[in-house]
Amino acid sequence: MSRSVTQRSRLFRLMIRVRRRLVSKEQTGGPMRFSFLILLAALIAGLPVRADTMTCTTLVEHTDADTQNPWQTVNDNVMGGRSSGGSSLQDGALVFAGSTNTNGGGFSSIRLDVPRGAMAGAQELRVHMKRDARAYSITVRTNARSFGRRIAFRGPIEGAPEGEWGTGVLNLSNLEASIWGRKLPNAVFDASEVVEIGLIIYDGEDGPFEMQLSRIEACS
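Residue numbers (the working numbering): 3 to 222.
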């Protein structure tokens, strides 16, 4: 049975339960009748019903108990750029902050080693974070190389609210491979081989940035 048929079947059963409550309480108007009509309309239209059935494993988590910062900073200074940035532990979260300068690079990043195999089977990464208005991405690296250098796979963190704690998502199918900005369209990504994860800001803008991170999960 297809997923869409299963979802419509569940929606139909839910509609029946609402209808029974409506009839048993003789409620012919108000919120109950409105709910019934909404469900009926959704069923007729064949709208999808999303259920989160993914299993998530914590890759990174920061709490008040943390005393050491394991992240390594890599800014555009390695290629003559002028951006600044780094990370620190504050109030049970990792703070990634600095200022980017597009004159000579325009990026700031931090990296962290993770156990090989920790992301095996993962389809997406979920980032529990608080961010400003800037755009942030995740980088992951395996031991895959090109021209003698390790390939970086990068993708945008999407859906995280601005100015408050929330969850952003990186769909691993959206990763792009590159080496120092040079794209590698034929590079193959294997989630089970990831040995490093990172955060990067490289949005083509100048100025200060700051985001806070509490947890990163690999979900499959």
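By construction, the Cβ of each residue, glycine as well, lies at the ideal position given by its N, Cα and C atoms.
- Membership of H130 in the beta strand (DSSP E) is indicated by the continuous run E126 to R133.
- Judged by DSSP in its simplified three-state form, N176 adopts helix.
- Boundaries of the beta strand (DSSP E) harbouring V97: A95 to T102, taken from the DSSP string.
- The Cβ atoms of Q214 and L114 do not sit closer than 8 Å to each other.
- The beta carbon of R84 sits closer than 8 Å to the beta carbons of D78, N103, N105, G106 and G107 from its chain, once the five residues preceding and following it are set aside; these are given in chain order.
- Under the DSSP assignment, D192 falls outside any beta strand (DSSP E); it carries neither an H nor an E label.
- Check the Cα spacing between A220 and each of V190, T169, T65 and G183: the tightest is with T169.
- Using a Cβ-Cβ distance cut-off of 8 Å, the stretch 120-136 and the stretch 164-180 are in contact, since at least three pairs of beta carbons, one from each stretch, lie closer than that value.
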